[in-house]
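Peer 1:
Protein chains: 2
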Amino acid sequence: MAFYKISAFSRLGQVSVKALRLYDQRGLLTPARVDPETSYRYYKVEQLHRLHRILALKAMGLSLEQIGQLLNDNLSPEQMQAMLKVKQAELKQQLVEGQRRLQTITAHLKHVKEEHTMPNYDVILKAVEPVSHVLSIRETIPAYTAVGTLLTELVDHLAQQQAQPQGPAASIWHDIEYKEQDVDAEAIIVVSNAVTGTDRIQIKTLPALEQVAAVIHRGPYSTLNQAYGAIIHWIEESGFQVTGPNREIYLQGGAEQDNVNYVTELQFPVAKVVA
Amino acid sequence: MAFYKISAFSRLGQVSVKALRLYDQRGLLTPARVDPETSYRYYKVEQLHRLHRILALKAMGLSLEQIGQLLNDNLSPEQMQAMLKVKQAELKQQLVEGQRRLQTITAHLKHVKEEHTMPNYDVILKAVEPVSHVLSIRETIPAYTAVGTLLTELVDHLAQQQAQPQGPAASIWHDIEYKEQDVDAEAIIVVSNAVTGTDRIQIKTLPALEQVAAVIHRGPYSTLNQAYGAIIHWIEESGFQVTGPNREIYLQGGAEQDNVNYVTELQFPVAKVVA
DNA sequence: TAAACACCCTGCCCTAAGGGCAGAGTCAAG
DNA sequence: CTTGACTCTGCCCTTAGGGCAGGGTGTTTA
Chain A
1 MAFYKISAFS RLGQVSVKAL RLYDQRGLLT PARVDPETSY RYYKVEQLHR
51 LHRILALKAM GLSLEQIGQL LNDNLSPEQM QAMLKVKQAE LKQQLVEGQR
101 RLQTITAHLK HVKEEHTMPN YDVILKAVEP VSHVLSIRET IPAYTAVGTL
151 LTELVDHLAQ QQAQPQGPAA SIWHDIEYKE QDVDAEAIIV VSNAVTGTDR
201 IQIKTLPALE QVAAVIHRGP YSTLNQAYGA IIHWIEESGF QVTGPNREIY
251 LQGGAEQDNV NYVTELQFPV AKVVA
Chain B
1 MAFYKISAFS RLGQVSVKAL RLYDQRGLLT PARVDPETSY RYYKVEQLHR
51 LHRILALKAM GLSLEQIGQL LNDNLSPEQM QAMLKVKQAE LKQQLVEGQR
101 RLQTITAHLK HVKEEHTMPN YDVILKAVEP VSHVLSIRET IPAYTAVGTL
151 LTELVDHLAQ QQAQPQGPAA SIWHDIEYKE QDVDAEAIIV VSNAVTGTDR
201 IQIKTLPALE QVAAVIHRGP YSTLNQAYGA IIHWIEESGF QVTGPNREIY
251 LQGGAEQDNV NYVTELQFPV AKVVA
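Chains as they are written, first to last, in our numbering: chain A, 1 to 275; chain B, 1 to 275.
#1: At what residues does the alpha helix (DSSP H) containing B/Lys58 begin and finish?
#2: For a contact defined as C-beta to C-beta under 7 Å, what are the partners of B/Gly61 on chain A?
#3: Hey, how far is the Cα of B/Ser238 from the Cα of A/Arg21?
#4: Three-state secondary structure (DSSP) at A/Asn246?
#5: How is the beta strand (DSSP E) around B/Val212 delimited, first residue to last?
#6: Select from the segment 109–128 of chain A all residues with a C-beta closer than 9 Å to any C-beta belonging to chain B, and list them in chain order.
#7: Do you know whose CA, among A/Ala230, A/Glu236, A/Gln181, A/Ile137, lies nearest A/Val190's CA?
#8: Taking just the CA atoms, how far does B/Lys87 sit from B/Leu62?
#9: So what does B/Ala187 bridge to, in DSSP terms?
#10: So for A/Ser222, helix, strand or coil by DSSP?
#11: Cβ atoms of A/Leu64 and A/Arg26: under 8 Å apart, would you say?
#12: Does any C-beta atom of chain B lie closer than 8 Å to the C-beta of A/Gln162?
#13: Once you ignore the five residues that flank A/Lys58 on each side, which residues in its own chain have a CB closer than 7 Å to its CB?
#14: Within a Cβ cutoff of 7 Å, which residues of the same chain sit near A/Leu91, ignoring the five residues on either side of it in sequence?
#15: Any beta carbon of chain B sitting closer than 8 Å to that of A/Pro77?
#16: Which residues in the same chain have their Cβ closer than 6 Å to the Cβ of A/His174, if we skip the five residues on either side of it in sequence?
#17: Would you list the residues sitting across from B/Lys5 in a DSSP beta bridge?
#18: In whole angstroms, what is the alpha-carbon distance linking A/Gln160 and A/Thr264?
#19: I need the DSSP call for A/Lys204, collapsed to helix, strand or coil.
#20: Determine, using beta carbons only, whether A/His52 comes closer than 8 Å to chain B.
#21: Under the DSSP definition of a beta bridge, which residues are partnered with A/Pro269?
#22: What did DSSP end up calling B/Arg26 once you bin it into helix, strand or coil?
#23: Would DSSP call B/Leu251 helix, strand or coil?
#24: With a Cβ-Cβ cutoff of 8 Å, do B/Pro168 and B/Leu251 count as a contact?
#25: In this structure, does DSSP put B/Ala107 in helix, strand or coil?
#26: Taking only the alpha-carbon atoms, compute the straight-line gap between B/Glu48 and B/Leu12 and give it to the nearest angstrom.
#27: Mapping DSSP to helix, strand and coil, what is A/Leu62?
#28: Within 8 Å (strictly less), CB to CB, does B/His174 reach chain A?
#29: Check each residue of the segment 201–231 of chain A: if its Cβ is closer than 9 Å to any Cβ of chain B, include it; give the result in chain order.
#30: DSSP beta-bridge partners for A/Arg21?
#31: Determine, using beta-carbon pairs with one atom in the segment 103–118 of chain A and one in the segment 227–242 of chain A, whether at least three such pairs fall under 8 Å.
#32: Are A/Asn259 and A/Pro207 touching if we call contact CB-CB under 8 Å?
#33: Taking 6 Å as the limit between beta carbons, can you name the residues of its chain near A/Ile172, skipping five residues before and five after?
#34: When you compare the CB positions of B/Ile54 and B/Tyr4, do they come within less than 8 Å of one another, or not?
#35: Here's a check: name, in chain order, each residue in its chain whose Cβ is nearer than 7 Å to the Cβ of A/Phe240, leaving out the five neighbours to either side.
#36: Identify the contact partners of B/Glu65 in chain A, using a Cβ-Cβ distance below 7 Å as the criterion.
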């Protein structure tokens, strides 16, 4: 019977006045009466029911627009189900995301506590696009460092064809476990479409990687093992698992062994361990 | 050595150009060189390291401003720790929130599947402020419905003092378990400061409730049990526990038993069950 | 050498759900 | 009739960029 003015109603419903005005504007909760002269909004107690429904849906994470659809466009039960299911999947996804955030920050915190500095290596997760038209040699070589000769071979091949590399050189290590010798290695250089291969030197496309853990290393190759240590540690600690050969990208590099300005990116394809 | 233009660098770092410009503007990642004539931004590979750190911190949920503090205002390890701890607590909180959302939506989804409608009662969680200056009678009464006589007693007392109620009437049920008879009940009416009490009728302040599950019932008191059923069910299903006496607020009510326009709010103080 | 094309710059408007404020009008009590 | 408490609309603000317009650059090709 009685009409409530907006602030009285907002107290009843524990919502801010500003929110009520917004819900009115978006068509979620129109006041029972609006004075045409003064534009004052007057609500009835019965509307608390609707307000509660709005708040309940909001507490599930639905947007005002979605709530409007549910409340106004009176959908079929199937449509409601579909909508809620989509949202449910979204929420599950967000939970996983949140757990990852928490794990990452906890690891960082631990590092700061123990070492009193931020970690030297920042591992990030990302996706890697496929890379088309790369020159590749794959071979079992006696030791990691020998990949240099494979790369020189590629560079020489390029020089013969008067072509330039189109991107940084890289190598791919196909052994999943760590090996000191007889390493299954692949040397890579991105080239333009015009370049041709040979029996030994193939033209191929590097597959995309859905999710990699990546780290940037600055300094000579002799200290790369620190970066490897950090990334492997991170992967284990974060509940991931290596799912394929890892890549080493020489963003800034060359033939010298000890250049402190070299920059290398390490990429390990990973997936969440299913517990 | 080589400088990269913004889009080349953005490809290296897997970040959008727009983001790089933003990071520049916010002082997170200033290009190695900016041409003073053209304002072109030129980056060096070494800066990937810093970019990775930014992305890593972002992946933990820190805001750009916080990242800026961590990177630029070189804080003491203690300050870093404090900052990360705050964020960690925030993330934990968000996780709990997310789990609640998910539970709620799952319950709704189940209801839609089984009944092909949205639930009739929308339970929401909220905080309740303390209510000062209320008139109260507490007594053991033979049955729920007898609370009406207590309320009439309060209303009569008000009338004697020529005063008006300042808000809706309510009752509080102090028995935590369900009882059919000999119920420990309290009748409540909010009044202005001027009103005085008696031996039997006390003036008191209702305590705040940190977290209540609340539901709005529309219809006669005889159907209130449906609302009770719904809210109790919700509380159990959502992993909460009733922690105190529940309140019944007669937002729109009166002495008749069967008025379909009555509106009543039920409030149960709750807390998350510690598993 | 000029045009074509790819790239870069700044600046403006947009997002979701309101919060804060200004200026003007309205309601209820004394 | 005045005062104080409310209410109205309208504008700007928040995050982390996305999208676009208009104008300037850099490199390559005819």
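In this text, a Cβ means the ideal position worked out from N, Cα and C, and glycines have one as well. Quantities reported herein were computed from a predicted structural model and do not represent experimental measurements.
Peer 2: The short version:
#1: Position 58 of the second sequence holds residue 58 of chain B. Element bounds for B/Lys58: 47–59.
#2: Residue mapping note: residue 61 of chain B aligns to position 61 of the second sequence, counting from 1. The contacting residues are Arg101.
#3: Taking the first residue of the second sequence as 1, we reach residue 238 of chain B at position 238. Taking the first residue of the first sequence as 1, we reach residue 21 of chain A at position 21. As the crow flies, the alpha-carbon of B/Ser238 is around 31 Å from that of A/Arg21.
#4: Counting from one through the first sequence, the residue named residue 246 of chain A turns up at place 246. A/Asn246 falls in the strand class under three-state DSSP.
#5: As a working note, residue 212 of chain B is residue 212 in the second sequence. Per DSSP, B/Val212 is one residue of the beta strand (DSSP E) stretching across 209–218.
#6: Listed in chain order, the positions of the segment 109–128 of chain A with a beta carbon within less than 9 Å of a beta carbon of chain B are Leu109, Val112, Lys113, Glu115, His116, Thr117, Met118, Pro119, Tyr121, Asp122, Val123, Ile124, Leu125, Lys126, Ala127, Val128.
#7: By 1-based counting over the first sequence, the position of residue 190 of chain A is 190. Closest option to A/Val190, Cα to Cα, is A/Ile137.
#8: The residue given as residue 62 of chain B occupies position 62 in the second sequence. The residue given as residue 87 of chain B occupies position 87 in the second sequence. Each residue's Cα considered, the two are about 7 Å apart.
#9: The residue given as residue 187 of chain B occupies position 187 in the second sequence. Paired residues: B/Ile137, B/Ser171.
#10: Mapped onto the first sequence, residue 222 of chain A falls at position 222. Here A/Ser222 sits in helix by DSSP.
#11: Within the first sequence, numbered from 1, the residue matching residue 26 of chain A stands at position 26. Within the first sequence, numbered from 1, the residue matching residue 64 of chain A stands at position 64. Cβ atoms of A/Arg26 and A/Leu64: closer than 8 Å.
#12: Residue 162 of chain A sits at position 162 when you count from the first residue of the first sequence. Taking Cβ atoms only, chain B never reaches closer than 8 Å to A/Gln162, which makes this a no.
#13: Counting from one through the first sequence, the residue named residue 58 of chain A turns up at place 58. Apart from sequence neighbours up to five positions away, the residues of its chain that approach A/Lys58 with a beta-carbon distance below 7 Å are Ile67, ordered along the chain.
#14: Within the first sequence, the letter at position 91 stands for residue 91 of chain A. Excluding residues within five positions, the ones whose Cβ falls inside 7 Å are Gly61.
#15: If you number the first sequence from 1, residue 77 of chain A lands on position 77. At least one chain B Cβ lies under 8 Å of A/Pro77.
#16: On the first sequence, residue 174 of chain A is found 174 positions in, with the first residue counted as 1. Asp184, Pro245, listed in sequence order.
#17: For this step, residue 5 of chain B is matched to residue 5 along the second sequence. Answer is B/Tyr42, bridged to B/Lys5.
#18: In the first sequence, residue 160 of chain A corresponds to position 160, counting from 1. In the first sequence, residue 264 of chain A corresponds to position 264, counting from 1. In this structure, the straight-line span from the alpha carbon of A/Gln160 to that of A/Thr264 is close to 27 Å.
#19: Position 204 of the first sequence holds residue 204 of chain A. Correct three-state label for A/Lys204: strand.
#20: Against the first sequence, residue 52 of chain A aligns to sequence position 52. Interface annotation, A/His52: in contact with chain B, CB-CB separation under 8 Å.
#21: The residue given as residue 269 of chain A occupies position 269 in the first sequence. Answer is A/Val212.
#22: Counting from one through the second sequence, the residue named residue 26 of chain B turns up at place 26. Looking at B/Arg26 - three-state DSSP - the assignment turns out to be coil, as it is neither helix nor strand.
#23: Within the second sequence, numbered from 1, the residue matching residue 251 of chain B stands at position 251. It is a strand residue.
#24: To locate residue 168 of chain B, count along the second sequence from 1; it is residue 168. To locate residue 251 of chain B, count along the second sequence from 1; it is residue 251. If you check the CB distance, B/Pro168 and B/Leu251 come in under 8 Å.
#25: Along the second sequence, read from residue 1 onward, the residue named residue 107 of chain B stands at position 107. DSSP places B/Ala107 in helix when its eight states are reduced to three.
#26: Start at 1 with the first residue of the second sequence, and residue 48 of chain B comes out as number 48. Start at 1 with the first residue of the second sequence, and residue 12 of chain B comes out as number 12. It is Leu, not Glu, that sits at residue 48 of chain B in the sequence shown. About 8 Å.
#27: The residue labelled residue 62 of chain A in the question sits at position 62 within the first sequence. In the three-state DSSP reduction, A/Leu62 falls in the coil class, being neither helix nor strand.
#28: Mapped onto the second sequence, residue 174 of chain B falls at position 174. With 8 Å as the cut-off, B/His174 does not count as an interface residue toward chain A.
#29: Of all residues in the segment 201–231 of chain A, Ala214, Val215, Ile216, His217, Arg218 have a Cβ within less than 9 Å of some Cβ in chain B.
#30: As a working note, residue 21 of chain A is residue 21 in the first sequence. DSSP lists no partner for A/Arg21.
#31: Yes, the segment 103–118 of chain A is in contact with the segment 227–242 of chain A.
#32: One-based indexing of the first sequence puts residue 259 of chain A at position 259. One-based indexing of the first sequence puts residue 207 of chain A at position 207. Not in contact: A/Asn259 and A/Pro207 (Cβ atoms no closer than 8 Å).
#33: Here residue 172 of chain A refers to the residue found at position 172 when the first sequence is read from its first residue. So the qualifying residues of the chain are Glu186, Pro245, Arg247.
#34: Sequence index remark: in the second sequence, residue 54 of chain B carries index 54 (1-based). Sequence index remark: in the second sequence, residue 4 of chain B carries index 4 (1-based). With contacts defined as CB atoms closer than 8 Å, B/Ile54 and B/Tyr4 fail to qualify as a contacting pair.
#35: Residue 240 of chain A sits at position 240 when you count from the first residue of the first sequence. Correct list, in chain order: Ala213, Val270, Ala271, Lys272, Val273.
#36: Here residue 65 of chain B is taken as the residue at index 65 of the second sequence, counted from 1. Near B/Glu65 there are no residues of chain A at all, since even the closest Cβ is about 17 Å away, more than 7 Å.
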